[in-house]
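Here's the structure, in structure tokens; my notes come after.
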Amino acid sequence: MMRALALAALLCLAGATLAAPPAASPTTPKELREAREAEHRRAVKAFAPFDGGDRRDVVRQGAKGKKRAAHPMVGDAAKVPGEGPPPPPLRVSPDVPEAALLAPNVVGAGLSASPLFLFSLGYQHIFTKLDGPRCAHLPTCSRFGSQAVARHGALGILMTMDRLIQPNDSSAIRHLPEVEGYGMVRVFDPLEDYEFWKPERFTGFLLPAAEVSLVLPPLSPASLASLTAPPPETPRP
Amino acid sequence: MIATLALATVVAAQAPATPEAAPADSPKEAAEDTDEDADEAAVEAPPPAPLTPEQATMATHSLTFGDHLFLDGDWYRSISEYRRFLYLVRGSGPDAERAAMAIGEALLRGEQWDAAGRQLDGIAQRAGRLELRQQALFGAGRAYLLDQRPELAKPRFRLLVEDGGTEAKLKSEATWLLAWGHFDAGELSEARAYFQQLADAKGVHAEAAKGVVAALDGYDKLETKDPLLAGALSLIPGLGHVYLGQWGIALTSASWNGLFIFAAVSAWLAGDWGVATVLTLMEVGWYAGGVFGAVAGAYRYNRDAVRNWRDEALATWGATRELPGLHAVEGALPGTIVRFAF
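Protein sequences appear in the order of chains W and A.
Take 1 as the starting number for the first sequence in my numbering and just add one per residue.
Take 1001 as the starting number for the second sequence in my numbering and just add one per residue.
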């Protein structure tokens, strides 16, 4: 009898548990985030029914079949088609000929065939991914080496050797400026600081620039009215 | 392409001819031309239509609200209000000049140096009064100086300094900033001449100018390193860097060169030609790189000595190059601090 009563009580409890309403409103941050994402998915499906099938999960790194959060250094939303902002435009440097940007496979043929350049590419894309960042400078040592060889040929090898034993100081009396690059704080030590045969870069003052002469029109009484239009461009040296 | 060129030609032919203004070398010369051109301008430009009472009220509110935002430090929204005011009053009236200058000052305080310089340059080019032109030139010069473009700042300050009609206080400030412009550009003899002129004048900046002149005396006494000597010493690996005071690099260079020389010699003696060749090539790279680094390091040392000296002079005497604080002058309205007219 007692056993039957206990069984009945257990069944009632199980029924009550099964019939219980769903969990209360989310309280923890994780529950809140999941609820927000679920609501977002519902909204997307409701308002864009024909695009719902195009959505897919992107595994940016990690083991197959296991989704992980994007690594701040490795994950790059811009590389996923249709996601993220467009890549930044090419930086145009006066030391890089324009033809090299327009037809890199033609002009840069010698560069891409260089063993040192290929080594630096492999170092950047294989060893750094495995071993993590080891260079405290910006440009990184491998990038510096490829730039130096591209600009100065064999002399670039000597510049790279010099760079590899440089500390984080510009000299014995001054620190290098710190900048943020590739996910960490680095010291800025560009190739130009090694080109000592360009004396204008080693004066300690701003780069020399010729004065831009100033041309002023005559004073006119009602000319301020044109201030509603944008002012003219100032020439940059 | 041909069609585009043809269209451009037609548009250019139909565009009204704009009279080319003769360039004036100084505001004073420009002022002399004013009388001749005033009548023509009055004939060509129709007078703006008078504002309705509603427009006048809205313009007043825009200017007042712009001032409120400005004094609250909300530079960019205040610019919108000043632009609205200028649009409503069509750039005319007693407050239009101040609103235009306030836009320049807001950009200056928002550290948009280039935009501030362009705005104030625009006022200087379109000004109807000599005083406004001088004040706009002063503000533009200050913007370019803060933007580290002394090649643009110097001509504006020089115009004020060399013009006889500039007010004494503005001329003194322009001389002070012109001297700093030469200082930034590395033209130290010109900078010294202007600083000495200020020190002799016994004005507001006399004490600071004396200090800068004393600092300029110290420039010639800076300790420098000889690149040739550094390169020659580094023929013994590490010694050139010891001369430069880079003890860490010296130790690294000596160790690496010693190790590679020892390994290469051992390989040659052991008859292991392949390893010996690779090690020798690498040692040549390390050795030549060390010599290169010593020479480049001497150049960097000399540059850094100048930079340290320059930073110290700026930190000690250059505080007044900056724009005065927002509330530095009691009751000064926006657009007046930048032109030194409070």
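Virtual Cβ for every residue (Gly too), placed ideally from N, Cα, C.
Only a predicted model underlies this, so the values are computations on that prediction, with no experimental measurement involved.
- Contact with chain A is found for W/E211, since one of that chain's Cβ atoms lies less than 8 Å from the residue's Cβ.
- By the CB criterion at 8 Å, A/A1106 and A/L1063 fall outside the cutoff.
- Contacts with chain A at 8 Å (Cβ-Cβ) do not include W/D189.
- Not one beta carbon of chain W lies nearer than 8 Å to the beta carbon of A/T1052.
- Looking from the CA of A/A1250, the closest CA among A/A1264, A/V1265 and A/L1233 belongs to A/L1233.
- Taking 8 Å as the threshold, the shortest C-beta distance from A/S1253 to chain W falls below it.
- For W/L118, not one C-beta of chain A is nearer than 8 Å to its own C-beta.
- By the rule that beta-carbons nearer than 8 Å mark a contact, W/F127 does not touch chain A.
- Under the 10 Å beta carbon count, W/A209 is surrounded by fewer than 16 other beta carbons and is classified as exposed.
- Taking a Cβ-Cβ threshold of 7 Å, the residues of chain A close to W/Y194 are A1296, in chain order.
- W/G181 carries a strand assignment under DSSP once its states are collapsed to helix, strand and coil.
- Contact between A/L1159 and W/L214 holds, since their C-beta atoms are separated by about 6 Å, short of 8 Å.
- For the pair of segments examined, the region 186 to 198 of chain W was found not to touch the region 1127 to 1134 of chain A: the number of CB pairs separated by less than 8 Å stays below three.
- When C-alpha distances from A/L1051 are compared across A/H1061, A/V1089, A/S1078 and A/G1073, the shortest belongs to A/V1089.
- Rounded to the nearest whole angstrom, the CA to CA distance from A/G1218 to A/R1118 is 37 Å.
- Excluding residues up to 5 positions away in sequence, T1175, L1178, A1179 and H1182 lie with their Cβ nearer than 7 Å to the Cβ of A/Y1194 in the same chain.
- In the displayed model, A/R1149 falls within coil according to three-state DSSP, outside both helix and strand.
- With fewer than 16 other beta carbons inside 10 angstroms of its own, A/K1169 counts as exposed.
- Apart from sequence neighbours up to five positions away, the residues of its chain that approach W/A148 with a beta-carbon distance below 7 Å are G156, M159, T160 and L191, ordered along the chain.
- Out of A/Y1076, A/F1085, A/A1264 and A/V1161, the CA that lies nearest to the CA of A/E1054 is found in A/F1085.
- Taking A/W1113 as the centre and dropping the five residues before and after it, the same chain places the C-beta of A1143, L1146 and D1147 closer than 6 Å to its C-beta, in chain order.
- Taking a Cβ-Cβ cut-off of 8 Å, W/S142 has no neighbours in chain A, whose nearest Cβ is about 16 Å from it.
- Contact between A/A1296 and W/F196 holds: their C-beta atoms lie close to 5 Å from each other, under 8 Å.
- It is roughly 16 Å from the alpha-carbon of A/A1319 to the alpha-carbon of A/W1309.
- What W/A172 touches in chain A, judged by beta-carbon distance under 8 Å, is L1244, G1245, Q1246 and Y1301, going in chain order.
- Residues of the same chain with a CB within less than 7 Å of the CB of W/G132, apart from the 5 flanking positions on each side, do not exist.
- Excluding sequence positions up to five before and after W/H175, its CB lies within less than 6 Å of the CB of D169, all in the same chain and listed in chain order.
- Counting along the chain, W/D169 sits inside the beta strand (DSSP E) bounded by residues D169 to S171.
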